[in-house]
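To start, the structure under review is shown below, and the notes come after it.
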């Protein structure tokens, strides 16, 4: 079986850079444009997402470290069933699954970012954890 040739590098655009922001009102226009400019500066090409099937080769059972699975409850890219399956298959009992209400895929930089940060810090500082 022959290796695939690399995907053509397609220029990114302002519109493409904003595709993660799927919930109206989850980010103000000024912040969205700032994100878009920074994203295009960091990488002016679109990410080639045609090989998402490669994530299926990852084996969650091999993860043996404390793990926080965190997502927005309205993430259009990763459904709850896929998140639940990932969480249940993790190879560690020291795990937490946190759904952020009213958030989409980019919760860590949107209006839900405070919930995201509190969840992450709470996980790292928990009394029964390693930290």
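In the numbering used here, the protein residues as written are 1 to 131. Every residue gets a Cβ at the ideal spot worked out from N, C-alpha and C, and that includes glycine.
Approximately 4 angstroms separates the beta-carbon atoms of residue 107 and residue 72; this is inside 8 angstroms, confirming the contact. By the Cβ rule, the segment 30-43 does not count as touching the segment 53-64, because fewer than three pairs are nearer than 8 angstroms. Here the segment 110-126 makes no contact with the segment 79-89; the two share fewer than three CB pairs at distances below 8 angstroms. Collapsing the DSSP output to three states places residue 95 in a strand. Among the bridge pairs identified by DSSP, residue 70 is matched with 98. Of the residues assessed, residue 112 falls on the buried side of the cut-off, its CB having 16 or more other CB atoms within 10 angstroms. Counting only residues of its own chain and dropping the five nearest sequence neighbours on each side, residue 9 has a CB closer than 7 angstroms to the CB of 45. Just measuring C-alpha positions, the residue of 75, 50, 27 sitting nearest residue 101 is 75. Between residue 26 and residue 104, the CB-CB gap stays under 8 angstroms. Residue 45 is bridged by DSSP to 11.
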